[in-house]
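Below: the structure, in structure tokens.
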Amino acid sequence: MLLAARIFAGSHRTGLLVGWLILALSACATPARRFDHEAARLGFQRQLVAGAEFQHMAYFNRPVRQGALMHVYLDGDGSPWINHRWVAQDPTPRDPLMLRLMASDPAPSVYLGRPCYHGLAAAAPCSPALWTHARYSVRVVDSMAAALRNILRGSAYRQVALLGYSGGGALAMLLAQHLPETRAVVTLAGNLDTAAWAEYHGYTPLRGSLNPAQAPALDGTIVQLHYVGERDTVVPPRLIEPVVSRQEAATLGRFNEFNHRCCWEQVWSSILGQLDTRLQREQ
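Just so you know, we're using the numbering used here here: the sequence shown kicks off at 2 and counts up by one.
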């Protein structure tokens, strides 16, 4: 019995050690690596796509239905800073909401990464400015637009719907200015006035970045659906409302119980249905 007890104790300690080792290795995995694991778990295919100046990591779904319109998912800013003080070495989103939303989308879809995200931060000509103050710069927008054109060039798709969350909403509005292939823009808690957002939080202005609020209104043929959470304290609705009101073909949807993070996954299928309805009505 004593020998058996010792064997059990030893195996128990070994099991604990292995468990701690797995946890430690998981903690050491970079945000980019964890993102890739999640994308693989969801069944997405990864591809490196050339932009104007940068390489972009793109993740493609396996669409249930076909069509000439591709959905382009643009995530938030990720983690440009650590504790608002130190520049992050890897800004890749730690909690990729848009990746999960794409998993429930039956339409042909791609998650397009930003320059220097997804393990590319050390590649030339990346610099921390491109995920901090210049995160919405001309260089970023031009390169993402070029990457999308390259994706479309090798596909059967001729138009795109740009779907952006938080800072991805800013990029959706800016990209629509540069992509005549844009058929629709959908934003969730979109940072559509970066100057007002920085002032609201007391942040340093995003010098070097474009501000969607200062851009001309999008063409009236582009369907726009913007959604806000009334409890959002990261991008409060009052920062978004003036920008949406200046657009020609835009609607603003409100969710009384939502904040910045919660609960977009619960309503995403409904939002995609609203997008389909608007597109069919305005063909």
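For every residue, glycine included, the Cβ atom is placed at its ideal position computed from N, Cα and C.
Here the structure is a predicted model, which means the values were calculated and not measured.
Q.
Within 8 Å, do at least three Cβ pairs link the stretch 73-80 to the stretch 45-54?
A. Flag = no, the stretch 45-54 and the stretch 73-80 do not touch.
Q) beta strand (DSSP E) containing leucine 227: first to last residue? A) Indexing the sequence shown from 1 puts residue 227 at position 226. Residue 227 is actually histidine in this sequence, not leucine. Counting along the chain, the beta strand (DSSP E) containing histidine 227 begins and ends at 224-230.
Q | Cα-Cα separation between leucine 24 and alanine 173, rounded to whole angstroms | A | Position 23 of the sequence shown, counting from 1, holds the residue named residue 24. Position 172 of the sequence shown, counting from 1, holds the residue named residue 173. With a pLDDT of 38 at leucine 24, under the threshold of 50, the predicted position of this residue should be treated as unreliable, though the coordinate-derived value follows. Between the C-alpha atoms of leucine 24 and alanine 173 there is a straight-line separation of about 37 Å.
Q | Alpha carbon of threonine 183 to alpha carbon of proline 32, nearest angstrom | A | As a working note, residue 183 is residue 182 in the sequence shown. As a working note, residue 32 is residue 31 in the sequence shown. Per the coordinates, the alpha-carbon of threonine 183 lies some 30 Å from the alpha-carbon of proline 32.
Q) Got a sec? Which residues, its chain only, sit under 6 Å from tyrosine 312 by beta carbon, not counting five neighbours each side? A) Nothing can be reported for residue 312, as the shown portion of the chain is limited to 2 through 284.
Q | CB of serine 110 within 8 Å of CB of histidine 57, strictly | A | Locating residue 110 in the sequence shown gives position 109, where the first residue counts as 1. Locating residue 57 in the sequence shown gives position 56, where the first residue counts as 1. The Cβ atoms of serine 110 and histidine 57 do not sit closer than 8 Å to each other.
Q) So, helix, strand or coil for phenylalanine 256, using DSSP? A) For this step, residue 256 is matched to residue 255 along the sequence shown. Phenylalanine 256 sits in a strand when the DSSP states are folded into three classes.
Q: Assuming leucine 175 and valine 142 form a contact by the criterion Cβ under 8 Å, report the distance between their Cβ atoms to the nearest whole angstrom.
A: Position 174 of the sequence shown, counted from the first residue, corresponds to residue 175. Position 141 of the sequence shown, counted from the first residue, corresponds to residue 142. Contact flag correct, Cβ pair sits at about 5 Å.
Q) Hey, is the stretch 265-284 in contact with the stretch 234-249, meaning 3+ C-beta pairs nearer than 8 Å? A) Under the Cβ criterion (8 Å, minimum of three pairs), the stretch 265-284 does not count as touching the stretch 234-249.
(Q) Suppose contacts are defined by Cβ-Cβ distances below 8 Å. Is glycine 230 in contact with glutamate 249 by that definition? (A) Working through the sequence shown from its first residue, we reach residue 230 at position 229. Working through the sequence shown from its first residue, we reach residue 249 at position 248. Between glycine 230 and glutamate 249, the C-beta spacing is not below 8 Å.
Q.
Checking the sheet assignment: what are the DSSP bridge partners for arginine 47?
A. As a position in the sequence shown, residue 47 is number 46, starting the count at 1. Under DSSP, the beta-bridge partners assigned to arginine 47 are Tyr60.
Q | Reference arginine 66; option with closest CA among Ala123, Asp277, Gln284 | A | For the purposes of this step, residue 66 is taken as the residue at position 65 of the sequence shown. Nearest to arginine 66 by C-alpha distance, out of Ala123, Asp277, Gln284, is Asp277.
Q. Quick one, are the C-beta atoms of leucine 70 and valine 161 less than 8 Å apart?
A. Position 69 of the sequence shown holds residue 70. Position 160 of the sequence shown holds residue 161. Going by C-beta atoms, leucine 70 is nearer than 8 Å to valine 161.
Q: Keeping to the same chain, check which residues put their C-beta closer than 7 Å to that of histidine 119; ignore five residues upstream and five downstream.
A: Start at 1 with the first residue of the sequence shown, and residue 119 comes out as number 118. So the qualifying residues of the chain are Ala33, Phe36, Met58, Thr93.
Q: Over the uninterrupted alpha helix (DSSP H) stretch that includes glycine 168, give me the two end residues.
A: Walking along the sequence shown from the start, residue 168 turns up at place 167. Run containing glycine 168: 168-179, per the alpha helix (DSSP H) assignment.
**Q.** Cβ separation of leucine 193 and alanine 214, assumed to be a contact under 8 Å, to the nearest whole Å
**A.** As a working mapping, residue 193 is identified with position 192 in the sequence shown. As a working mapping, residue 214 is identified with position 213 in the sequence shown. Indeed, because the Cβ distance is near 6 Å, the residues count as touching under 8 Å.
Q. How many Å lie between leucine 253 and histidine 227 at the Cα?
A. Within the sequence shown, numbered from 1, the residue matching residue 253 stands at position 252. Within the sequence shown, numbered from 1, the residue matching residue 227 stands at position 226. Leucine 253 and histidine 227 have their C-alpha atoms spaced approximately 5 Å apart.
Q: Hey, could you find the ends of the alpha helix (DSSP H) arginine 140 is sitting in?
A: For the purposes of this step, residue 140 is taken as residue 139 along the sequence shown, with counting starting at 1. Bounds of the alpha helix (DSSP H) holding arginine 140 are 139-154.
Q. From Leu211, Gln267, Ser128, Ala148, pick the residue whose C-alpha is nearest to that of glycine 170; which is it?
A. As a position in the sequence shown, residue 170 is number 169, starting the count at 1. Selected option, being the one with the closest Cα: Leu211.
Q. Going along the chain, which residues of its own chain have a beta-carbon closer than 7 Å to the beta-carbon of alanine 89, five neighbours each way excluded?
A. The residue given as residue 89 occupies position 88 in the sequence shown. If we look at alanine 89 and ignore the five residues flanking it on each side, its Cβ neighbours are Ser80, Pro81, Trp82, Ile83.
Q. Helix or strand or just coil, what does DSSP make of serine 210?
A. In the sequence shown, the residue the question calls residue 210 occupies position 209. If DSSP states are grouped into helix, strand and coil, serine 210 belongs with coil.
**Q.** Burial state of tyrosine 137 (16 or more Cβ within 10 Å)
**A.** For this step, residue 137 is matched to residue 136 along the sequence shown. Buried, because 16 or more other Cβ atoms sit within 10 Å of the Cβ of tyrosine 137.
Q: Output yes or no for whether 8 Å exceeds the beta carbon distance between glycine 68 and alanine 108.
A: Indexing the sequence shown from 1 puts residue 68 at position 67. Indexing the sequence shown from 1 puts residue 108 at position 107. Contact check for glycine 68 against alanine 108 passes: the beta carbons are separated by less than 8 Å.
Q) Under a three-way DSSP split, which group does valine 245 fall into? A) Within the sequence shown, the letter at position 244 stands for residue 245. Of the three classes helix, strand and coil, the one that applies to valine 245 here is helix, per DSSP.
Q: Specify, as a first and last residue, the run of the alpha helix (DSSP H) that arginine 35 falls within.
A: Taking the sequence shown and counting its residues from 1, the one referred to as residue 35 is at position 34. Judged by DSSP secondary structure, arginine 35 falls within the alpha helix (DSSP H) whose first and last residues are 32-42.
(Q) valine 224 and leucine 280 - do their beta-carbons sit closer together than 8 Å? (A) Position 279 of the sequence shown holds residue 280. Position 223 of the sequence shown holds residue 224. Yes.
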